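In the numbering used here, the protein residues as written are 973 to 1481.
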Ligand code: ME8
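Here's what the structure looks like:
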């Protein structure tokens, strides 16, 4: 059996409700996994929630409820949203799951037994309000810790450390010999630079006196595991590591889809070093697809600015697929995008309502009017060649995870077909009995192009894809191979035209 395409996303903190940035990442991974399914690859999509840690403990305390109760409540919000947005995950990684906890503890015990974890005293500045040690990075321009940290005291604490520094040389050698391990390439360069500066080890424990909400260390019950050490393990614990060897061998290694803020140091340094320490070979290291940020009106979303966007609102106002389409089409994979309501509506109206929606509607209506919906097989060689090239370019883009590019290429075909309608003017051909064959060719070409378009949009817009295939009365079970020209047989009767993407009329429009 060939290897499975195993794709994961970051697991979201459950200290607050999901926002549009979380939605972007999950939709991106969803489109990629749906593409692989369309190709017929065996695939597995893991997503989930990061339920432990100080942020959750604090948020729960604020509401006066237990962390368990709090995470159950917030986790439900993520699950609800993913259902609404049709995120088709196969596995759900929630870090309070006993399977995960056991795996984290086994890994810790093993690293401890091998001498990769040791105890040491740490003395440093500690923010009582934020409940965290501060480093020089947190100092303001005047060299002091700013008022946002509240009371800062010098504190000595005993903690457990992972010998991260021992893996620096290996990491550099690994990154140098594996170009393409991090996409886009400039992120790999940044990671390499950070690895070069790496010094010191990683504190992987927190005393329960300060943080009780976490996975207990197997060799010291007075401490819990540092939340990142716990969270990163989800990618393997939920893939069968140390519990289901056959599953793990089938899945691993993964493609990790993550945001730009968590490649350095969490994934690119801690995670790779952890895997190396656990004995993973170089060829079993994961790959990373690092996406940018969704900005709102040019700004980072934050509670203090009050510009956090709730994906439910967009999905309810404009429809799930307009949101999926906008995020995937407008965000160049790897770069930031600016999210504005106006651009969402514009994208929808121009690409979905006008270009694709109109093409579908015109084609079905003309076929109905001139031929009672019945097709005669013949075609424009130019358009069928254009469609074949589109499929080729689309595949090349998606094989490199470039979803925005694949959509742009797909809409190239829709645009070409709309122009073809104008050029061939079926309404004129219909008036001339001598042009009957020409008219048949135009109608078949358009219907067949629409069938191919429906397949190409399936990963990003599964509902619209089904809707188009339905209206064409074409088979709903599709694979990428079905994009070969000629799927609609001679004499095929198309279905009834319906408006798939009604225009969104807003004051701004
Ligand atoms: O970092 N635009 O969780 P998180 C795009 N629990 N992506 C964004 C974003 C934005 N505005 N804001 C956040 C964590 N993200 C950890 C991960 S993985 C073992 C543990 C992305 O809820 C962010 O980059 O803060 C990350 O990939 C994901 O959302 C979860 O962020």
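Built from N, CA and C at the ideal position, the CB exists for glycine as well.
Just so you know, these numbers come straight off a predicted model, no measurement behind them.
Residue range 1104-1106 is occupied by the beta strand (DSSP E) that includes residue 1106. Relative to the ligand ME8, residue 1378 has its C-beta separated by 7 Å or more from all heavy atoms.
Secondary structure within the stretch 1168-1212: the beta strand (DSSP E) runs of 3 or more consecutive residues, fully enclosed, are 1177-1179, 1192-1197 (chain order). Beta bridge pairing from DSSP links residue 1128 with 1095. Under DSSP, residue 1365 forms no beta bridge with any residue. If you draw a 10 Å sphere on the C-beta of residue 1373, you find 16 or more other C-beta atoms in it, and that means buried. Distances from the CA of residue 1187 to each of 1393, 982, 1026, 1395 were compared; the closest alpha carbon is that of 1026. Taking the Cβ of residue 1293 as the reference point, every heavy atom of the ligand ME8 lies at 7 Å or farther away. Secondary structure within the stretch 1117-1161: the alpha helix (DSSP H) runs of 4 or more consecutive residues, fully enclosed, are 1140-1149 (chain order). For residue 1043, the secondary structure class from DSSP, reduced to helix, strand or coil, is helix. Out of 1233, 1451, 1073, the CA that lies nearest to the CA of residue 1203 is found in 1073.
In the structure shown, residue 1068 falls within a coil segment according to DSSP collapsed to helix, strand and coil. Only buried fits residue 1335, as 16 or more other CB atoms lie within 10 angstroms of its CB. Between the stretch 1278-1290 and the stretch 1237-1244 there are fewer than three inter-stretch CB-CB distances shorter than 8 Å, so the stretches are not counted as touching. Taking a cut-off of 8 Å on C-beta distances, the stretch 1011-1023 touches the stretch 1041-1061, as three or more cross pairs fall below it. The residues 1164, in chain order, have a CB closer than 8 Å to that of residue 1148 in the same chain once the five nearest residues on each side in sequence are set aside. Close CB contacts of residue 1332 within its chain, under the 8 Å cut and outside five residues either way in sequence, are with 1422, 1440, 1443, 1469, 1472 (chain order).
Taking residue 982 as the centre and dropping the five residues before and after it, the same chain places the C-beta of 997, 1230, 1231, 1234 closer than 7 Å to its C-beta, in chain order. Residue 1267 sits in a strand when the DSSP states are folded into three classes. Within a 10 Å sphere around the beta-carbon of residue 1094 sit fewer than 16 other beta-carbons, which makes this residue exposed.
Beta-bridge partners of residue 1015 (DSSP): 977.
Within the chosen limit of 7 Å, the ligand ME8 reaches the beta carbon of residue 1265 through at least one heavy atom. Taking a C-beta distance under 8 Å as the contact criterion, residue 1142 and residue 1248 qualify as a contact pair. Distances from the CB of residue 994 to the heavy atoms of the ligand ME8 include at least one below 7 Å. Under a 10 Å Cβ-count criterion, residue 1005 is classified as buried, with 16 or more other Cβ atoms of the shown protein chains found around its own Cβ. Residue 1293 sits buried, since 16 or more C-beta atoms from the chains shown fall within 10 Å of its C-beta. Put simply, the backbone Cα of residue 1054 is about 24 Å away from that of residue 1225. Cβ-Cβ separation between residue 1260 and residue 1375: approximately 16 Å, too far for a contact (criterion under 8 Å).
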